[in-house]
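Here the structure is laid out as structure tokens; the discussion comes afterwards.
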Amino acid sequence: MANVSQVIREEEGSRLRAAYQRMKMTKRITQAHISTECGWQNASTFNRLLSGKIALTIETLMKLASALGVSPASISPRLIQDEATGLESRVARQLSVGLVKSVTRGSWGEPFLTDLRLAYFTADQSAFALTFDPGEAPTPFAGWVVVVEPGQPTALNDYVIVRHGSGKYSCGRVQGIYEDGTTGIEIDGVGVILTSPKRCMLVSSLCRSADLHSFRACAEI
Numbered sequence: 293m294a295n296v297s298q299v300i301r302e303e304e305g306s307r308l309r310a311a312y313q314r315m316k317m318t319k320r321i322t323q324a325h326i327s328t329e330c331g332w333q334n335a336s337t338f339n340r341l342l343s344g345k346i347a348l349t350i351e352t353l354m355k356l357a358s359a360l361g362v363s364p365a366s367i368s369p370r371l372i373q374d375e376a377t378g379l380e381s382r383v384a385r386q387l388s389v390g391l392v393k394s395v396t397r398g399s400w401g402e403p404f405l406t407d408l409r410l411a412y413f414t415a416d417q418s419a420f421a422l423t424f425d426p427g428e429a430p431t432p433f434a435g436w437v438v439v440v441e442p443g444q445p446t447a448l449n450d451y452v453i454v455r456h457g458s459g460k461y462s463c464g465r466v467q468g469i470y471e472d473g474t475t476g477i478e479i480d481g482v483g484v485i486l487t488s489p490k491r492c493m494l495v496s497s498l499c500r501s502a503d504l505h506s507f508r509a510c511a512e513i
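The sequence shown begins at 293 in the working numbering and counts up by one.
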């Protein structure tokens with residue numbers, strides 16, 4: 293997911309484009325139609341997947357394969373293999389959900405703890421989720437529940453949450469990984485900053501608000 297090479301991203305994007313073009317030959321569809329089928333608010337995610345700018349996850353692969361009427365393995369054999377070999381280590385965890393009430397120049401303070409939980413398959417015991425008050429979310433995250441996996445490695449073009457310390461966080465995108473061990477993160481309104489990889493927490497997935505449940509409801513299941 294995070295350490296997928298650009299070559300593989302482009303190969304999978306090419307397979308996605310081929311499946312999309314085949315469907316267009318028989319149906320009047322657009323990228324917006326496919327995105328709606330996947331539960332996304334706009335076509336930007338689908339467009340970036342088609343171009344190989346971001347990597348597929350098993351969740352997005354399953355949604356797209358269903359929407360395009362193809363086998364998941366025909367798009368990403370590696371993810372299907374990874375899912376089979378890593379199934380034992382990935383369990384459904386009830387992730388805690390924090391609420392960010394105010395964002396200034398791409399940064400915010402400690403999120404407010406909520407009584408909400410998000411069921412999510414992950415091997416990362418430190419994983420958690422974030423939501424944002426209306427109008428406060430950074431553009432890529434608007435309208436979504438953001439899943440963060442601090443224990444996962446990051447790669448070029450991944451979205452991350454940067455932990456600055458002293459209760460300050462930012463949303464950014466990995467622009468460079470350098471020989472001196474630093475990572476370059478581009479933050480809207482700030483530019484590129486250099487930081488330690490340990491301060492970069494991977495944004496692994498975006499989920500719908502409808503997937504959230506109260507802690508009490510989770511305990512009663």
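Idealized CB from N, CA, C, for every residue including glycine.
Which runs of the beta strand (DSSP E) at least 3 residues long sit entirely within the region 403-489? Give them in chain order. 404-414, 420-424, 437-441, 451-457, 460-469, 475-479 and 483-487
Within 8 angstroms, do at least three Cβ pairs link the region 456-471 to the region 436-448? With the cut-off at 8 angstroms, the region 436-448 and the region 456-471 touch.
Confirm, please, whether the CB-CB distance from Q323 to A310 is below 9 angstroms. No, they are not a contact pair.
Mind checking which residues open and close the alpha helix (DSSP H) that includes L341? S336 to L342
Is I485 near V440, with beta carbons less than 9 angstroms apart? no
Let me check one thing: in DSSP terms, what residues is A384 bridge-paired to? F413
Would you kindly work out how many angstroms separate the C-alpha atoms of R491 and D480, rounded to a whole number? Rounded to whole angstroms, R491 to D480 spans 18 angstroms at the Cα level.
Which of helix, strand or coil DSSP assigns to V495: Strand at V495.
Other residues of its chain near L308: CB distance less than 7 angstroms, five sequence neighbours each side excluded: For L308, same chain residues with a beta-carbon under 7 angstroms away, outside a window of 5 residues either side, are L341, L342, L356 and I367 in chain order.
Apply the 10 Å Cβ neighbour rule to Q444 and answer buried if 16 or more other Cβ atoms are within range, or exposed otherwise. By the neighbour-count rule (16 or more Cβ atoms within 10 Å), Q444 is buried.
Bounding residues of the beta strand (DSSP E) (the contiguous stretch that carries L504): L504 to S506
For A276, tell me which candidate among H456, S399, E303 and D503 has the shortest Cα-Cα distance. In the structure displayed, the chain extends from 293 to 513; residue 276 sits before or after that span and is not available.
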